[in-house]
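Those protein sequences? They're chains A and B, same order as listed. Oh and the first sequence: position 59 is 59 in the numbering used here, straight run, nothing missing. One rule links them: number in the numbering used here = place in the second sequence (from 1) + 117. All residues carry an ideal CB built from backbone N, CA and C; glycine is no exception. To start, the structure under review is shown below, and the notes come after it.
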Amino acid sequence: DTGVSQDPRHKITKRGQNVTFRCDPISEHNRLYWYRQTLGQGPEFLTYFQNEAQLEKSRLLSDRFSAERPKGSFSTLEIQRTEQGDSAMYLCASSLSNLQGAHNEQFFGPGTRLTVL
Amino acid sequence: SQKIEQNSEALNIQEGKTATLTCNYTNYSPAYLQWYRQDPGRGPVFLLLIRENEKEKRKERLKVTFDTTLKQSLFHITASQPADSATYLCAPNNAGNMLTFGGGTRLMVKP
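This is the structure in structure tokens:
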């Protein structure tokens, strides 16, 4: 399977614990995105990487959230001191930009469902 | 602030009929608009992209229109099938790399 993969698919944690999610994008894609989705809502943008550089962060991304893409391939999203309000589906997507910066489609992974007790 | 509205109520139609979903946006002028399909427990899947200078775009049984005056996009599925049952998300966007999604409309096609 050459699509976007995410690990784990489900995570249950207690409030105050730290969690880390991993995303493996489609191999030739240079852009990687993180979104958060709650029930009945559309995905909300969190942050975006072009290769290894984190270029954009949403105001939703509090200082408890950090994302990395160290070698421009896989990415991790860490949430420190989790709160019940962090419970959501965390989606990763990747895309391939062309020289003109066209708005190409994004390919989403299956998501990691986080439940904070 | 920019706002994207999709009908939050589920759309129930009979197999074989045409489903029409609406996406309205306010307070901005997107250069393009994407439609995605999302099944329960899965990530969204890209369906179509339409640009502001395109009035209509088709792909197999799908048709999307983009009216920049009305600030509205319509998404049509002709000859609908039960397998088309899913949530459909619109994402009107400007230059930039993140996508801003509407809340989605759930479509139920009954056999």
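What number of angstroms, rounded off, separates the C-alpha of A88 of chain A from the C-alpha of K180 of chain B?
So the alpha carbons of these two residues sit roughly 32 Å apart.
On the CB-based measure, 16 or more other CB atoms within 10 Å of its CB, does L216 of chain B come out buried or exposed?
With 16 or more Cβ atoms within 10 Å of its Cβ, L216 of chain B is classed as buried.
Determine the chain A residues that contact R175 of chain B at a beta-carbon separation under 7 Å, and present them in chain order.
In chain order: nothing, as chain A lies at least about 17 Å away.
Within the 7 Å Cβ cut-off, does F45 of chain A reach chain B?
Yes - at least one Cβ of chain B is within 7 Å of the one on F45 of chain A.
How many angstroms separate the CA atom of W34 of chain A from the CA atom of A208 of chain B?
Distance between W34 of chain A and A208 of chain B, taken at the CA atoms: about 16 Å.
My assumption, with CB atoms under 8 Å, is that Y205 of chain B sits in contact with F192 of chain B. Please give the rounded CB distance.
Yes, Y205 of chain B and F192 of chain B are in contact; Cβ-Cβ is about 6 Å, under 8 Å.
Assuming R36 of chain A and L55 of chain A make a contact with CB atoms under 8 Å, what is their CB distance in whole Å?
Actually they are not in contact, since the Cβ atoms of R36 of chain A and L55 of chain A sit about 18 Å apart, beyond 8 Å.
Thinking C-alpha only, which one of A:F107, A:G111, A:T112 is nearest L32 of chain A?
Across the set A:F107, A:G111, A:T112, the C-alpha of A:F107 shows the shortest separation from the C-alpha of L32 of chain A.
What beta strand (DSSP E) runs, 3 residues minimum, are completely inside the stretch 136 to 198 of chain B?
Listed in chain order, the beta strand (DSSP E) runs fully inside the stretch 136 to 198 of chain B are 136 to 143, 149 to 155, 162 to 168, 173 to 176, 179 to 184, 189 to 194, counting runs of at least 3 residues.
Tell me which residues share the same chain as E78 of chain A and place their Cβ nearer than 6 Å to its Cβ, disregarding the 5 neighbours each side in the sequence.
Only T20, S66 meet the Cβ criterion.
Should the stretch 182 to 198 of chain B be regarded as contacting the stretch 121 to 140 of chain B, the criterion being three or more beta carbon pairs within less than 8 Å?
Verdict: yes, contact present.
I want to verify the contact list: residues of chain B whose CB lies under 8 Å from the CB of Y147 of chain A, in sequence order.
No answer is possible for residue 147 of chain A: the residues shown for chain A start at 1 and end at 117.
CB of K176 of chain B within 7 Å of CB of L165 of chain B, strictly:
Their beta carbons are under 7 Å apart, which means K176 of chain B touches L165 of chain B by this criterion.
If we define contact as Cβ-Cβ less than 7 Å, is Y48 of chain A a contact residue for chain B?
With 7 Å as the cut-off, Y48 of chain A counts as an interface residue toward chain B.
Bridge partners of E78 of chain A, per DSSP?
Beta-bridge pairing by DSSP links E78 of chain A to A:T20, A:S66.
Any beta-carbon of chain A closer than 7 Å to the one on P209 of chain B?
Closer than 7 Å: no.
For the beta strand (DSSP E) containing R15 of chain A, list its first residue and its last residue.
That residue, R15 of chain A, is in no beta strand (DSSP E); it is neither H nor E in DSSP.
Could you compute how far the alpha carbon of P110 of chain A sits from the alpha carbon of F74 of chain A?
Rounded to the nearest angstrom, the two C-alpha atoms are 15 Å apart.
Contact under 7 Å by Cβ, V162 of chain B with P199 of chain B:
In terms of Cβ geometry, V162 of chain B and P199 of chain B do not form a close pair [threshold 7 Å].
Residue-chain proximity (W163 of chain B, chain A), Cβ-Cβ < 7 Å:
It is Phe, not Trp, that sits at residue 163 of chain B in the sequence shown. It does; some Cβ of chain A falls within 7 Å.
Note down, in chain order, all residues in the stretch 51 to 79 of chain A with a beta-carbon under 8 Å from any beta-carbon belonging to chain B.
Flagged, chain order: L55, E56, S58.
Which residues, in chain order, does the stretch 140 to 156 of chain B contribute to contact with chain A at a C-beta distance below 9 Å?
Residues of the stretch 140 to 156 of chain B that bring their beta carbon within less than 9 Å of a beta carbon in chain A comprise A148, Y149, Q151, Y153, Q155, in sequence order.
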